[in-house]
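Enquirer: Residues -21 to -1, 1 to 479, numbered by mature numbering (1 follows the signal peptide of the UniProt record, and there is no 0), are exactly what the sequence shown covers, in order.
Ideal Cβ positions, reconstructed from N, Cα and C, are used throughout, including at glycine.
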Amino acid sequence: MKKIIICLLLICALARPFLMAQDFQEKYRPQFHFTPKANWMNDPNGMVYLNGTYHLFYQYYPNDKIWGPMHWGHATSSDMISWKEQPIALYPDSLGYIFSGSAVVDKNNTAGFGKDALIAIFTHHDPVLEQQKTGKHESQSIAYSLDEGKSWTKYKGNPVIKNPGISDFRDPKVRWFEPQKKWVMTLATKDRITFYSSADLKSWMRESDFGVNEGGHGGVWECPDLFPIKHEGKEIWVLIVNINPGGPNKGSAGQYFLGNFDGKTFTSNSKETKWLDYGTDNYAAVTFANTGDRTILMGWMSNWQYANQVPTDPWRSANTIARQLGLKTVGKELYLTSVPVQELDVLNTTGFSLKKVKVKGQLDLTDKTKNNTGLFRLDLTMESRTDFSIVLSNQQGNEVIVGYDKAANQFYIDRSKSGNLGFEKGFAAKHVAPRFSQASNIPLTLIADAASIELFADNGLTVMTDIFFPENPMSKLSVKSVSGITVDSLKYAVLKSAVK
Ligand code: FRU
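#1: Would you call the segment 42 to 52 and the segment 135 to 154 in contact, with 3 or more CB pairs under 8 angstroms?
#2: Can you give the beta carbon distance from Phe390 to Ala436, rounded, assuming they're within the 8 angstroms contact cut?
#3: Between the Cα of Ala472 and the Cα atoms of Lys152, Leu97, Asn351 and Asp384, which residue gives the shortest distance?
#4: Given a threshold of 16 other Cβ atoms within 10 Å of its Cβ, counted over all protein chains shown, does Asn21 qualify as buried or as exposed?
#5: Buried or exposed, going by whether 16 or more other CB atoms sit within 10 Å of the CB of Val478?
#6: If you draw a straight line from the C-alpha of Leu342 to the C-alpha of Ser457, how long is it?
#7: Does Thr328 pass the burial test, meaning 16 or more other C-beta atoms within 10 Å, or should it be called exposed?
#8: Please work out which residues of its chain come closer than 6 angstroms, Cβ to Cβ, to Thr14, disregarding the five sequence neighbours upstream and downstream, and give them in chain order.
#9: Any idea what DSSP makes of Lys347, helix, strand or coil?
#10: Rounded to whole angstroms, what is the Cα-Cα separation between Gly289 and Pro158?
#11: Leaving out five residues before and five after Leu469 in sequence, what residues of the same chain have Cβ atoms less than 6 angstroms from its Cβ?
#12: Under 8 angstroms Cβ to Cβ from Val338, same chain only, skipping five residues before and after it: list those, please.
#13: With a CB to CB cut of under 6 angstroms and the five nearest residues on each side skipped, what residues in its chain are close to Leu357?
#14: Quick check: does the Cβ of Glu117 come within less than 6 angstroms of any heavy atom belonging to ligand 1?
#15: According to DSSP, Thr165 sits in a beta bridge with which residue or residues?
#16: Round the Cβ separation of Met443 and Met277 to the nearest angstrom and send it over; I've been treating them as touching at under 8 angstroms.
#17: Would the C-beta of Arg149 count as close to ligand 1, meaning under 6 angstroms from any of its heavy atoms?
#18: So, for Asn88: in the same chain, excluding its five sequence neighbours on each side, which residues have a beta-carbon less than 6 angstroms away from its beta-carbon?
#19: Report yes if the C-beta of Ser476 is less than 6 angstroms from at least one heavy atom of ligand 1; otherwise report no.
#20: Within the present structure, is the beta-carbon of Phe36 separated from the nearest heavy atom of ligand 1 by less than 6 angstroms?
#21: Which first and last residues belong to the beta strand (DSSP E) in which Gln110 is found?
#22: For Phe189, report the span of its beta strand (DSSP E) as first-last.
#23: Can you say whether Ala286 is buried or exposed, counting buried as having 16 or more other CB atoms within 10 angstroms of its CB?
#24: Give the C-beta separation of Trp131 and Asp170 to the nearest angstrom, bearing in mind that I take them to be a contact with Cβ-Cβ under 8 angstroms.
#25: Please check the pair Asp188 and Ile208, which I expect to be a contact at CB under 8 angstroms, by giving their CB distance rounded to whole angstroms.
#26: Relative to ligand 1, is the shortest distance from any of its heavy atoms to the C-beta of Asp272 smaller than 6 angstroms?
#27: Looking at C-alpha atoms only, which residue of Val325, Gly80 and Glu127 is the closest neighbour of Lys86?
#28: May I ask you to check if the CB of Asp72 is nearer than 6 angstroms to at least one heavy atom of ligand 1?
#29: Per DSSP, which one or two residues make a beta bridge with Leu354?
#30: Between which residues of its own chain and Thr246 is the CB-CB distance below 6 angstroms, once the five residues before and five after are set aside?
#31: Using only CA atoms, which one of Lys63, Ser56, Ile67 and Gly47 lies nearest to Tyr76?
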C-alpha cells in the first residue's frame, strides 16, 4: 500500500509541469490577459495599488457564464500581467446586485473605518425596484476592508447617495482632490456625468453636471473616470466616459474629454469626439487608484453586442492588457496616448530583429518566428507612404489582418475571416480607426494572445483592440505590401504564458 502511495505521489510530481500547462489546452484561453477560471465577468472595478499589490475587482456572476446577479470578483497581481484569482469580495444583498464602482485607500482615515482602509464605492442595483419601473433602482453605497481586500464590511448607513429619480445612475469613480482636501465622485447619470464631493465618503454633495450637449450620445453613459495628467508643465484633466452602444465601430466603447476641473466643474477643450480605443473590445476602461505619477488604464476586452455569446468555456471575457496613459499634441489638438505597461516585458522569450527590409508583395516571417502558440509582441516601424498589412493566420486559413490604408489615412483590423464567427451576425467585420500623427514613419506595436490582438500605432495615438476565435492558434505571420514598402525596423518576441 505504502509503495503504491509513494508511486502515485511520484507520478503526480513528474506530471506537475504538464498539469500546470493545462490552461494552454483550453481552447481560446488568454495566456496573459486576466480571465476568471470559470463563469461570467464584465467591467473591471475598484482597481487600486496597495503595498506592492495591484488589486483588480470585477463584475462577476459565479453561477453561470452569462450575465446575472452581480458580485465583485477579486484578483491580485504584483505586476498587472500575472493575476491570481481570490475569493469573491462583495456579494449581492438586500439593497441589490453589486454593480460597477471604484476603490480608494483612505490614508487620512477620513471615513473613520481605520487608517489606510481600502474603501469600495459601488452601485447597488435593486432588481425588484427595477421591475416596478420606479426609475429609482440604482443608488451608491460603500464597503471597507481592513485586511488589504481579503474581507469586506458593508457600511450600515448604505446607500450613501439615494436615487433622485434617474433610471441610469451608476458606476461611481472616486478620487482625492488635494487642493480642496475632499473626495470627488464622478458618476454616470444616463446622458451626462454628475460630480459629487465629500469629506468622509459617507455624506455627499452634488456639485455639477457635464456633457448633455457634448461628445457621443449614441447610447447610455456608463463607467466614467476623472484624473489629471501632467503635460508640458501643465495639469490637464481627463474625463473618460464609456458609452453603450454608440462606439466608433458599433457597440460599446470609451470616449474621452480633455480640459480642466476645479473641484466643482469640468470644462472641456475638446472640439471633436475622441475615443480611447477604436477596436470593438475595450469597454468600461478606467484607471487604477494610488499609482503615483503613473496613470494606468485597463478595460473589459469584450463588447455588449456579443459578450454573452462568445464561444469560450467554462468562462466568458478577459481584460485588456494594462496600459500607461500620456498626452501628445498633434497640430492644434491634444490627444490621450496609451501604450502597454513596461511590466509586459517579463513575458518576452526568444525572438529576432530586422532592419531596413524591402517588402514587395509578401514577406513570410513564419519560419523565423518559430512560434506555435500565436502569443507574441511585434514592434515595427513602417513607412507611411503606401498601404501595408500584417497578417496573422493558421493552417486552416483563418486570418486577422492589421493594416494601414493610405488613401483613407486609416488603420484597420479585419477579423472577418478569423475562424469561429457564427455566434453573432456583426462579429465578422473590419474595424477602422483614423491616423492622427503626420510623421513619415509609423511605429506600431502589436500584442497577440490566444484570442486577441491589441494595436498601438504612433506610440499609442491610435489604439485598436479586437478579439477573435481561430480554429487553431495563429502560428503564421507575414507582412504585405502590394506596391512595395520598406520596414525600417522590426522586433519580434515570442511571449510566454502568465497563467499560474
Ligand atoms: C457596464 C455596465 C455598468 C454596470 C455594469 C453591470 O458594462 O453596464 O454600467 O454597472 O455593467 O454589470
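Expert: Reading from the atomic positions:
#1: A contact between stretches requires three or more CB pairs, one per stretch, nearer than 8 angstroms, and the segment 42 to 52 fails this requirement with the segment 135 to 154.
#2: About 5 angstroms separates the two Cβ atoms, so the contact holds.
#3: Comparing Cα-Cα distances from Ala472 to each of Lys152, Leu97, Asn351 and Asp384, the minimum goes to Asn351.
#4: Classification for Asn21: buried.
#5: Buried, by the Cβ-count rule.
#6: Rounded to whole angstroms, Leu342 and Ser457 show a C-alpha spacing of 5 angstroms.
#7: Looking at its Cβ environment, which holds fewer than 16 other Cβ atoms inside 10 Å, Thr328 is exposed.
#8: The beta carbon of Thr14 sits closer than 6 angstroms to the beta carbons of Trp294 and Ala297 from its chain, once the five residues preceding and following it are set aside; these are given in chain order.
#9: In this structure, Lys347 counts as helix in the three-state DSSP scheme.
#10: It should be noted that the sequence gives Val, not Gly, for residue 289. Roughly 46 angstroms separates the two Cα atoms.
#11: Excluding five sequence positions before and after Leu469, the CB atoms of its chain that fall closer than 6 angstroms to its own CB belong to Leu333 and Leu359, given in chain order.
#12: For Val338, where only same-chain residues beyond five positions count, the Cβ hits under 8 angstroms are Phe367, Val458, Lys459, Ser460, Gly463, Ile464, Thr465 and Val466.
#13: If we look at Leu357 and ignore the five residues flanking it on each side, its Cβ neighbours are Leu425 and Tyr471.
#14: The answer is no for Glu117.
#15: Beta bridge pairing from DSSP links Thr165 with Lys152 and Phe174.
#16: Not quite, the Cβ-Cβ distance comes to about 16 angstroms (not below 8 angstroms), so this is no contact.
#17: At least one heavy atom of ligand 1 is nearer than 6 angstroms to the Cβ of Arg149, so yes.
#18: Around Asn88, the same chain offers Lys94 as residues with beta carbons nearer than 6 angstroms, after the five sequence neighbours per side are excluded.
#19: No, the Cβ of Ser476 stays beyond 6 angstroms of every heavy atom of ligand 1.
#20: No.
#21: From DSSP, Gln110 is part of no beta strand (DSSP E) but of the alpha helix (DSSP H) over Pro106 to Gln110.
#22: In the DSSP annotation of this structure, the continuous segment of the beta strand (DSSP E) that includes Phe189 starts and ends at Met184 to Phe189.
#23: Around the CB of Ala286, 16 or more other CB atoms lie within 10 Å, so the residue is classed as buried.
#24: About 32 angstroms separates the two Cβ atoms, so there is no contact after all.
#25: At roughly 23 angstroms, the Cβ-Cβ gap does not stay under 8 angstroms, so Asp188 and Ile208 are not in contact.
#26: No - ligand 1 has no heavy atom lying nearer than 6 angstroms to the Cβ of Asp272.
#27: Checked all of Val325, Gly80 and Glu127; the closest Cα to Lys86 is Glu127.
#28: Outside the cutoff, so no.
#29: Leu354 is not bridged to any residue.
#30: Excluding its 5 nearest sequence neighbours in each direction, Thr246 has C-beta neighbours in its own chain below 6 angstroms: Gly238 and Asn239, listed in chain order.
#31: From the listed residues Lys63, Ser56, Ile67 and Gly47, the smallest Cα separation to Tyr76 is found for Gly47.
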